[in-house]
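The next block holds one structure in the form of structure tokens; read it before the comments.
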Amino acid sequence: MKHVFWMTALLSGIVLAQGSPPQPTTMVGDVFLSRTEIAMPGTTPHVTTSVVASFFRGTATLATSTTQDVCSVVRDGSGPLGLPNASSTTPVPLDAGTPLELRTAQTPYAQLIRTGAPPHYAYRSSVQSLAAPPVGLVLNIPGAAGGFPAFSGVPVPVSDPPRLTTPAAGESFTLKATFSWSNPTKDPNATVLLTGIADDSDAMFSCLTKDDGAFTLPAGTAAELSGLGFESGTLTGVGRTVSHTVRKGSAALTVRTFVLAMGGS
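Numbered per mature numbering (1 follows the signal peptide of the UniProt record, and there is no 0), the sequence shown spans residues -17 to -1, 1 to 248.
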């Protein structure tokens, strides 16, 4: 494997309730379940699953569904590979009570314990690496007086990695290639992440696109990669994020599930 790097997908999709206009958003919550599988030839895949959460004062600043492809390009060692979606403001954290619970109707799955001294709250699983998430997970948040409100029975979305049909696993591609996958959700609240590295240079890219089953590199990204000596390359990671947003009063809670399959030549 030439290179392995982590990428957090962008927040995707806020679904507003139908009917009366919702109250302006003043509190935002984000619960992020991430499952990553790293496969190297001749070895057993290494799988990690984690859950984190954050709550803060803010307006409806969560990214909406992807309407255009967003890509980032770097040369190895020149800096982190990221996507241009960061906010220029520092959020004010909120207390949401403790613990947060993820469970099925029959079985507890994970507890997220509040850490940090006020007001620097953070929430992480009490177990460093979790088992594969079961079907039917829901989220319960106890809430806190003067902080983020309680939520109960919020469904945790199910996600699985895109199954690429072209290029085939380990197969090189050119900058004009069309990437396709056989299991698109076509969900406006789902996004697909593709990461790759050049065969003969250190140029790398990361692209976030809508989950419609096909993607080609934007012309500007292809030109930038070409300028870095990228003639052909291989994918290093393929992932999908599915999100679900619910509201209570002025609070908007987004639950995201991200799955990422990584490997290399």
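Glycine included, C-beta positions come from ideal geometry on N, C-alpha and C.
Grouping DSSP H, G and I as helix and E and B as strand, with all else coil, what is T240?
As a first step, residue 240 is located in the sequence shown; it is residue number 257 there, counting from the start. Three-state result, T240: strand.
For the beta strand (DSSP E) containing L208, name the first residue and the last one.
Walking along the sequence shown from the start, residue 208 turns up at place 225. Per DSSP, L208 belongs to no beta strand (DSSP E); it is in the alpha helix (DSSP H), A202 to G210.
Please confirm whether T161 and A197 have their CB atoms less than 8 Å apart.
Within the sequence shown, the letter at position 178 stands for residue 161. Within the sequence shown, the letter at position 214 stands for residue 197. Contact flag set, yes.
What's the C-alpha gap between D194 and Q51?
For the purposes of this step, residue 194 is taken as the residue at position 211 of the sequence shown. For the purposes of this step, residue 51 is taken as the residue at position 68 of the sequence shown. Each residue's alpha carbon lies about 11 Å from the other.
Check the C-beta distance from V238 over to R223 and give it rounded, since I have them as a contact under 8 Å.
Mapped onto the sequence shown, residue 238 falls at position 255. Mapped onto the sequence shown, residue 223 falls at position 240. Not quite, the Cβ-Cβ distance comes to about 15 Å (not below 8 Å), so this is no contact.
Compare the C-alpha of F134 against each of D143, P140, V121 and S109 and name the closest.
On the sequence shown, residue 134 is found 151 positions in, with the first residue counted as 1. The residue with the shortest Cα to Cα distance from F134 is V121.
Quick one: measure Cβ to Cβ for V221 and P145, integer angstroms, because I've assumed they're closer than 8 Å.
Walking along the sequence shown from the start, residue 221 turns up at place 238. Walking along the sequence shown from the start, residue 145 turns up at place 162. Confirmed, Cβ separation roughly 5 Å.
Checking 8 Å against the spacing of the C-beta atoms, do A234 and G12 come in under that value?
In the sequence shown, residue 234 corresponds to position 251, counting from 1. In the sequence shown, residue 12 corresponds to position 29, counting from 1. Cβ atoms of A234 and G12: closer than 8 Å.
From R86 to R107, what does the alpha carbon distance come to, in whole angstroms?
Within the sequence shown, the letter at position 103 stands for residue 86. Within the sequence shown, the letter at position 124 stands for residue 107. Computed Cα separation, rounded: 15 Å.
In this structure, does DSSP put L66 in helix, strand or coil?
What you label residue 66 is simply residue 83 of the sequence shown in a count that begins at 1. For L66, the pLDDT reaches just 47, beneath the cut-off of 50, and the residue's location in the model is therefore unreliable, leaving the point undetermined.
Could you give the C-beta distance for S116 and R18, rounded to a whole number, given that I count them as a contact under 8 Å?
Within the sequence shown, the letter at position 133 stands for residue 116. Within the sequence shown, the letter at position 35 stands for residue 18. Sequence inspection shows Pro at residue 116; the Ser mentioned does not correspond to that position. Correct: roughly 7 Å between the Cβ atoms.
What separation, rounded to the nearest whole angstrom, lies between the Cα atoms of D59 and F15?
Mapped onto the sequence shown, residue 59 falls at position 76. Mapped onto the sequence shown, residue 15 falls at position 32. Each residue's alpha carbon lies about 28 Å from the other.
Output needed for G41: all residues of its chain with C-beta closer than 6 Å, excluding positions within five of it in sequence on either side, in chain order.
Residue mapping note: residue 41 aligns to position 58 of the sequence shown, counting from 1. The answer, listed in chain order, is V11 and P74.
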